[in-house]
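Residue numbers for the sequence shown follow the numbering used here, beginning at 7 and rising by one.
Here is the structure we will look at, set down as C-alpha cells.
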Amino acid sequence: MQLRSLVGCLVLFALAGCTPHRLLAPERPPTLQVAGSLTDPGKAPPKSVSYPPASRDVSYRVLLIKDKLIGENPQVGLKPYVNAIGSTDPEVFHIGLNQIFITEGLIKQCQTDGQLAAVIANELGKMVSEREATVPDDIRQPDRLPPVHLPIGGGGNATEADPVHRIEMARYEKQHPKQFAKLPRPNPQTVARSILEKACYQTTDLDAAWPLLQNAQRFSRFENQFKGTTPQGNWKAP
7 MQLRSLVGCL VLFALAGCTP HRLLAPERPP TLQVAGSLTD PGKAPPKSVS
57 YPPASRDVSY RVLLIKDKLI GENPQVGLKP YVNAIGSTDP EVFHIGLNQI
107 FITEGLIKQC QTDGQLAAVI ANELGKMVSE REATVPDDIR QPDRLPPVHL
157 PIGGGGNATE ADPVHRIEMA RYEKQHPKQF AKLPRPNPQT VARSILEKAC
207 YQTTDLDAAW PLLQNAQRFS RFENQFKGTT PQGNWKAP
C-alpha cells in the first residue's frame, strides 16, 4: 500500500512538473576522453587522471566568475566547465573547447576577482584562437555579395551590356578586393580583454594578472598528465 502511494505521488509530481530535485539525474560534465577527441581527432584520447578537488569556497568563487564571463559574452560561443584542482602549484590549462582546469594555488594568488577573471578570460581567448584556426577563411570572413544585376529590357530583348551595372561592379571590386592571404588567428589577449570589458571588468585586470600567468607557465604537471605532453618553453608575453 505504501509503495502504491509513493508511486502515485511521483506520478502527480511529474504531471505537475515538480519532480523532486534529488530524483533527477545530476548534470555530468563531458568525459576527458570526449575533450581529448575534440582537441585532436587524430590522437588517441588521454587516460583518465585523478586529481584532488579544491576546497568548496575556492571552487564556488571560480565558478561564479566563469559564469559571469560566459553569461555576458554569448558571442564567444563557448560554455566550458571549469574544474578547480586542489594543488598549491599555480597552473591553468584547457582541454578542447569544453574544459578548463585551474589549481587552487593560482586561484588564491589572484588578489581580486578581476585578476581571477583575467586568468579565465585569457584561457578563453586561447580557446577561441585555436578554434578559429580550424575554420576556413571564407566562413570566418565571407565575401560581401556583389550588386544585383538587373538587365535592361525583358525576355530575349534584355541587354547584358548594362553600363550602370558595370560601373557598380567596378566600384565593388575596388572597395572589396579579393583576399589571398590567410587570415591570422585572433590574438588570445585581445579576445581576453574584450571578454573582460563586456563582463564589466577592467581590461587592465589582464595586465595585473600577467605576472601570475607568466609564473604559472613554469608549472605543467597536471596538464602533462591530462594531455600526455612535455613542458613547452619559449612562452612570451604579447
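Think of the CB as a built atom: it goes at the ideal place given N, C-alpha and C, for glycine as much as any other residue.
Should Glu59 go down as buried or exposed, given a rule of 16 or more other Cβ atoms within 10 Å for buried? The amino acid occupying residue 59 in the given sequence is Pro; Glu does not appear at that position. Classification for Pro59: exposed.
Check whether the Cβ atoms of Gly110 and Ser54 lie closer than 9 angstroms to each other. It should be noted that the sequence gives Glu, not Gly, for residue 110. Their beta carbons are not under 9 angstroms apart, which means Glu110 does not touch Ser54 by this criterion.
From what residue to what residue does the beta strand (DSSP E) around Ala90 run? Tyr87 to Ile91
By the 10 Å Cβ neighbour count, where 16 or more other Cβ atoms means buried, how is Gln81 classified, buried or exposed? Gln81 comes out exposed.
Please name the residue in Leu70, Ser135, Val64 and Lys85 whose C-alpha comes closest to that of Val197. Cα-wise, what sits closest to Val197 is Ser135.
Assuming Leu103 contacts Arg137 (C-beta within less than 8 angstroms), just tell me the rounded distance between them. Indeed, because the Cβ distance is near 6 angstroms, the residues count as touching under 8 angstroms.
Considering Cα atoms alone, identify which of Asn128, Thr209, Ile106 and Lys74 is closest to Lys233. That would be Ile106, whose Cα lies nearest to the Cα of Lys233.
Three-state secondary structure assigned by DSSP to Phe225: coil
Pro70 burial status per 10 Å Cβ neighbour count (16 or more: buried): A small correction: the amino acid at residue 70 is Leu; Pro does not occupy that position in the sequence shown. Flag for Leu70 reads exposed.
Is it buried or exposed for Gly131, if we count other Cβ within 10 angstroms and need 16 for buried? buried
Identify which residue in Leu84, Arg67, Ile101 and Asn193 has its Cα closest to the Cα of Gln121. Arg67
Which partner residues does Val98 have in the DSSP bridge list? Ile108
In its own chain, which residues sit with a C-beta less than 6 angstroms from the C-beta of Glu229, not counting the 5 before and 5 after it? Setting aside the 5 residues that flank it on each side, Glu229 is surrounded in the same chain by Phe99, each with a C-beta closer than 6 angstroms to its C-beta; the list follows chain order.
Using 9 angstroms as the threshold, is the C-beta distance between Ile201 and Asn79 below it? yes
Met133 versus Gly83 - alpha carbon distance: 10 angstroms
At the level of alpha carbons, what is the spacing between Pro190 and Glu129? 19 angstroms
By how many angstroms is the C-alpha of Ser56 removed from the C-alpha of Leu218? 25 angstroms
Tell me the rounded alpha-carbon separation between Ile126 and Tyr87. In this structure, the CA atom of Ile126 is about 11 angstroms from the CA atom of Tyr87.
Please report how far the alpha carbon of Gln223 lies from the alpha carbon of Thr94, in whole angstroms. 14 angstroms
If I follow the unbroken alpha helix (DSSP H) through Gly77, where does it start and stop? Arg62 to Gly77
In its own chain, which residues sit with a C-beta less than 8 angstroms from the C-beta of Pro96, not counting the 5 before and 5 after it? Thr109, Gly111, Leu112, Gln115, Leu218, Asn221, Ala222 and Phe225
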